[in-house]
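The structure appears below as structure tokens.
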Amino acid sequence: MPLMIRSASLNDVPALLALEQGAATAAHWTQEQYLARVDSGIVLIAEEGIRKISGFVCARIIAGDCELENIVVDENFRRRGIGAALLKELLGNSERNSGSTVWLEVRESNKAARRLYEKQGFRESGRRLRYYKNPEEDAILYDHRPLK
1 MPLMIRSASL NDVPALLALE QGAATAAHWT QEQYLARVDS GIVLIAEEGI
51 RKISGFVCAR IIAGDCELEN IVVDENFRRR GIGAALLKEL LGNSERNSGS
101 TVWLEVRESN KAARRLYEKQ GFRESGRRLR YYKNPEEDAI LYDHRPLK
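Number 110 in our numbering belongs to position 110 of the sequence shown; there are no gaps in the numbering.
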């Protein structure tokens, strides 16, 4: 079945919560946070088939740049290019709308996510010492600058 990427609606929020709760490395948000992001940010959904959400990405625009806040792919659908497709769509959206830099932070130990970001052209740009808690860990900063 072909993969479709679309913008999320408020009706998708329960499915986003359920998907995120099954992903140990995801940022864990409240329903209110997802509702706010769908309403005023960027939330893209990957679907296979009729309303089968296999992944999503959340971002927001800050001072003209785009912060990637959360990306989740259902564990049963990993290693199929869904994360890459979501990132490509986010990057394209960002370049078309504002030409902005996309940036993010990720746990140093999250090697799979770091490989995904690097394959999509993100470059390591810094580090926040002891940024994460439980367990305490550094955040690695990445950015993706548009081609000029």
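Just so you know, even glycine gets a beta-carbon here, dropped at the ideal spot from N, CA and C. As the structure is a prediction and not an experimental result, all values here were calculated from the model.
Buried or exposed (CB count within 10 angstroms, at least 16 for buried), GLY83
Counted from its first residue, the sequence shown places residue 83 at position 83. Counting Cβ neighbours within 10 Å, GLY83 comes out buried, since at least 16 surround it.
Going along the chain, which unbroken runs of the alpha helix (DSSP H) with 4 or more residues stay wholly within the segment 24-110?
31-40, 82-97
For LEU17, the residue or residues it bridges with in DSSP
For the purposes of this step, residue 17 is taken as the residue at position 17 of the sequence shown. Per DSSP, none; premise fails for LEU17.
Taking ILE42 as the reference, which of SER94, SER125, GLU108 has the closest Cα?
The count along the sequence shown starts at 1 and reaches residue 42 at position 42. Taking only the C-alpha atoms, the option nearest ILE42 is SER94.
Quick check: what's the CA-CA separation for PRO150 versus ILE50?
This structure leaves residue 150 out entirely; the chain is present only between 1 and 148.
Check each candidate in ALA139, LEU91, GLU118 and name the one with the smallest Cα separation from THR101.
The count along the sequence shown starts at 1 and reaches residue 101 at position 101. With distances taken between Cα atoms, THR101 lies closest to LEU91.
Start and end of the beta strand (DSSP E) containing ARG128?
Position 128 of the sequence shown, counted from the first residue, corresponds to residue 128. Looking at the DSSP string, the run of the beta strand (DSSP E) that includes ARG128 is 123-132.
Kindly say whether SER125, judged by its beta-carbon, lies nearer than 8 Å to any beta-carbon of chain B.
In the displayed structure, chain B is absent; only one protein chain is listed.
Under the rule that 16 or more other beta-carbon atoms within 10 Å means buried, what is ILE5, buried or exposed?
Residue mapping note: residue 5 aligns to position 5 of the sequence shown, counting from 1. Counting Cβ neighbours within 10 Å, ILE5 comes out buried, since at least 16 surround it.
ALA8 - DSSP class collapsed to helix/strand/coil
Along the sequence shown, one-based indexing puts residue 8 at 8. Three-state result, ALA8: coil.
Inter-residue CB distance, VAL38 and GLY55 (contact presumed, cutoff 8 Å)
For the purposes of this step, residue 38 is identified with residue 38 of the sequence shown, where counting begins at 1. For the purposes of this step, residue 55 is identified with residue 55 of the sequence shown, where counting begins at 1. Going by Cβ atoms, the distance from VAL38 to GLY55 rounds to 15 Å, so no, they are not a contact pair.
Looking at C-alpha atoms only, which residue of TYR117, TRP103, LEU129 is the closest neighbour of GLY64?
For this step, residue 64 is matched to residue 64 along the sequence shown. With distances taken between Cα atoms, GLY64 lies closest to TRP103.
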